[in-house]
Every structure is written in structure tokens, then in C-alpha cells.
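J.:
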Ligand SMILES: O=C(O)CCC(=O)C(=O)O
Ligand SMILES: [Fe+2]
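Numbering (the numbering used here), first residue to last: 178 to 446.
#1: So the candidates are 308, 405, 292 and 357; which of them puts its Cα closest to the Cα of residue 324?
#2: Determine the direct distance from the alpha carbon of residue 183 to that of residue 197, and round the result to whole angstroms.
#3: For residue 432, which option in 186, 274 and 296 has the closest C-alpha, if you only look at C-alpha atoms?
#4: If residue 407 and residue 204 are in contact, beta carbons under 8 Å, what's the gap, nearest whole angstrom?
#5: Could you tell me which of 394, 345, 333 and 389 sits nearest to residue 154, measuring between CA atoms?
#6: Using DSSP with H/G/I as helix, E/B as strand and the rest coil, what is residue 338?
#7: Over the uninterrupted alpha helix (DSSP H) stretch that includes residue 433, give me the two end residues.
#8: What is the DSSP secondary structure of residue 184, counted as helix, strand or coil?
#9: Is the Cβ-Cβ distance between residue 345 and residue 412 less than 7 Å?
#10: Using a Cβ-Cβ cut-off of 7 Å (strictly less than) and excluding sequence neighbours within five positions of residue 336, which residues of its own chain qualify?
#11: Any heavy atom of ligand 1 closer than 6 Å to the beta-carbon of residue 305?
#12: Can you tell me where the beta strand (DSSP E) holding residue 400 begins and where it ends?
#13: Out of 440, 428 and 438, state which residue places its alpha-carbon closest to the alpha-carbon of residue 282.
#14: Taking the Cβ atom as the reference point for each residue, do residue 251 and residue 301 lie within a distance shorter than 7 Å?
#15: Could you give the first and the last residue of the continuous beta strand (DSSP E) run that contains residue 221?
#16: Any heavy atom of ligand 1 within a distance shorter than 6 Å of the CB on residue 404?
#17: Please classify residue 237 as buried or exposed, where buried requires at least 16 neighbouring CB atoms within 10 angstroms.
#18: Among the candidates 294, 207, 343 and 353, whose CA atom is the shortest distance from the CA of residue 441?
Shown next as C-alpha cells:
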């Protein structure tokens with residue numbers, strides 16, 4: 178564990194501090210990165226979009242291709258990918274536009290020392306609700322379900338206050354530089370996280386005791402950044418009652434992506 182400063186301000190950008198902290202600890206927090214009325218509008222839209230999704234699931238009226246997608250990846254039921262925003266009367270560019278209007282391109286150009294890739298494929302809104310604890314995630318490294326050869330950077334930002342009444346995120350700022358090898362254990366459940374996270378949690382806890390966790394109490398527009406190797410999980414306490422809505426975006430260095438992947442919605446910035 179390092180004592181590197183990890184909390185920054187979106188107003189008074191310390192670009193060198195952010196890059197150094199990310200390199201050393203694998204995660205940083207930037208307060209007030211996203212702001213303005215757009216954020217609140219997205220929050221209200223996200224609530225209506227998830228309400229529509231719930232209703233369509235309940236009445237079995239999801240469009241067949243959307244249903245097939247959730248059948249394939251059941252844990253994605255608490256996400257709405259940008260590519261599906263049109264189904265909820267929203268532009269698929271909503272998150273990308275918020276990204277462009279923020280200081281994020283400038284921060285990332287500094288981190289990557291030049292151009293980088295924005296992944297449209299991974300830009301989503303997510304809901305975590307205490308009424309559906311099965312979608313909480315235990316400690317994991319995102320590298321396990323992303324291409325392990327590429328170091329992604331993830332931006333996670335709540336659309337509402339979270340960490341007290343609503344679930345948030347907690348991170349372990351250990352500066353890990355690799356994903357833990359898959360141990361090839363037999364599956365323990367149908368859900369992706371049944372098989373990865375809980376297992377991993379038991380294995381990592383002896384190495385990372387609770388004092389090393391970095392739980393987050395966040396305001397709308399605060400942003401967490403973490404790389405593919407950073408251990409993190411849903412932060413949840415027994416007294417939480419409210420659903421949390423948040424935005425997610427992922428970035429890559431300016432790689433030469435293989436054909437087939439290249440066309441999946443990566444934008445060079
Ligand atoms: O939002 C959550 O509760 C978990 C988020 C997470 O693991 C991720 O976005 O990588
Ligand atoms: Fe994750």
C-alpha cells in the first residue's frame with residue numbers, strides 16, 4: 178500500500194499528480210469532474226430508462242435482440258449500453274458528449290502522453306440497487322473480463338450521491354501490475370461473478386486486510402479512475418436503501434486494434 182495522494186479536484190487540475198498516482202496505486206478520484214445541468218438530466222433519464230427496462234422485462238416485451246443480449250450476459254441486466262440508448266429515447270452519443278465537454282480528454286492526453294482510444298462499446302449507465310443484491314460485485318480485477326493484454330482505464334462516476342444511502346464502489350489502491358492467473362476452478366454458479374469474484378475475494382482478503390480498502394462516499398460528477406489490475410467491488414453497507422445510478426467509460430492507449438475489434442465503437446481522441 179502506498180501513501181500517494183489519490184484525491185484530486187476537477188477544477189484545479191494537477192495533471193502530473195493524477196498520472197503519478199494512477200501509475201503508483203492503480204486508482205485515483207477526481208472530485209467534481211463532471212458538472213452542470215446535463216448531469217442531473219442524465220440522472221433523471223437513467224431512472225426512467227431503467228424503469229422502462231424493468232417494465233419490459235416484467236411484461237416480457239423486450240425487443241428480441243435485446244432479450245438475447247441479456248440471456249447471453251445476464252449480469253449486464255443492471256447496465257444500459259450506449260448502443261441501446263435509442264431504445265430509451267436517448268442519443269447513443271450522450272456519454273461521449275459529456276466526456277468531450279469535460280476536462281477528461283485533457284487529463285487522458287496527459288496520462289497517455291498523446292492520443293488514446295475511447296471505447297463506445299464500454300460506455301454504459303449502470304444501476305446497483307439494494308433490492309437486487311445479486312448484482313453486487315465482489316472484489317475483482319476488470320482485466321479478467323477484458324482483453325488481458327491491454328491495460329484499460331475505467332472512469333466510474335455516480336449520477337447521484339452514493340456511499341451512504343446508496344451503494345458506491347470501494348477500491349484497493351495497491352498498484353497491482355497484472356491480473357491474477359485464472360486457477361481453472363469449477364464453476365460455482367450461473368452468474369459470472371459467482372465464479373470469479375467471490376472466489377477471488379476469499380483468496381485476496383488474506384493479502385489485503387480491510388484497512389487497505391478505500392470506500393467511496395461520492396457526490397454526482399465525482400469520478401473514480403482505475404486500471405484493469407485494480408481490485409474493486411461494490412461498496413455496500415447494511416443500512417443502504419436507495420438504488421445508485423452511475424456512468425462508466427473505458428479507455429485504451431492508442432493501440433493498433435485487430436480487425437473485427439476496431440469496428441466495435443472505439444474512437445481515437
Ligand atoms: O458498480 C458496481 O457496483 C461495480 C462496478 C464495477 O465493478 C465496474 O464497473 O468495473
Ligand atoms: Fe469492475
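Ideal Cβ positions, reconstructed from N, Cα and C, are used throughout, including at glycine.
Small disclaimer: the values here were computed from a predicted structure and weren't measured.
T.: Let's see:
#1: The shortest C-alpha separation from residue 324 is found at 405.
#2: Looking at the two C-alpha atoms, the distance is approximately 9 Å.
#3: Ranking the options by Cα distance to residue 432, first place goes to 296.
#4: About 5 Å separates the two Cβ atoms, so the contact holds.
#5: This structure leaves residue 154 out entirely; the chain is present only between 178 and 446.
#6: If DSSP states are grouped into helix, strand and coil, residue 338 belongs with coil.
#7: No alpha helix (DSSP H) contains residue 433, which DSSP labels as neither H nor E.
#8: Strand.
#9: Taking 7 Å as the Cβ cut-off, residue 345 and residue 412 qualify as a contacting pair.
#10: The answer, listed in chain order, is 216, 219, 220, 223, 397, 422, 423 and 424.
#11: Remark: the C-beta of residue 305 is in contact range of ligand 1, defined as less than 6 Å to any heavy atom.
#12: Element bounds for residue 400: 400-404.
#13: That would be 428, whose Cα lies nearest to the Cα of residue 282.
#14: Going by beta carbons, residue 251 and residue 301 fall outside the 7 Å limit.
#15: That residue, residue 221, is in no beta strand (DSSP E); its alpha helix (DSSP H) goes 214-235.
#16: Judged by the Cβ position, residue 404 fails to qualify as a neighbour of ligand 1 at the 6 Å threshold, every heavy atom of the ligand being at least this far.
#17: Label assigned to residue 237: exposed.
#18: It is 294.
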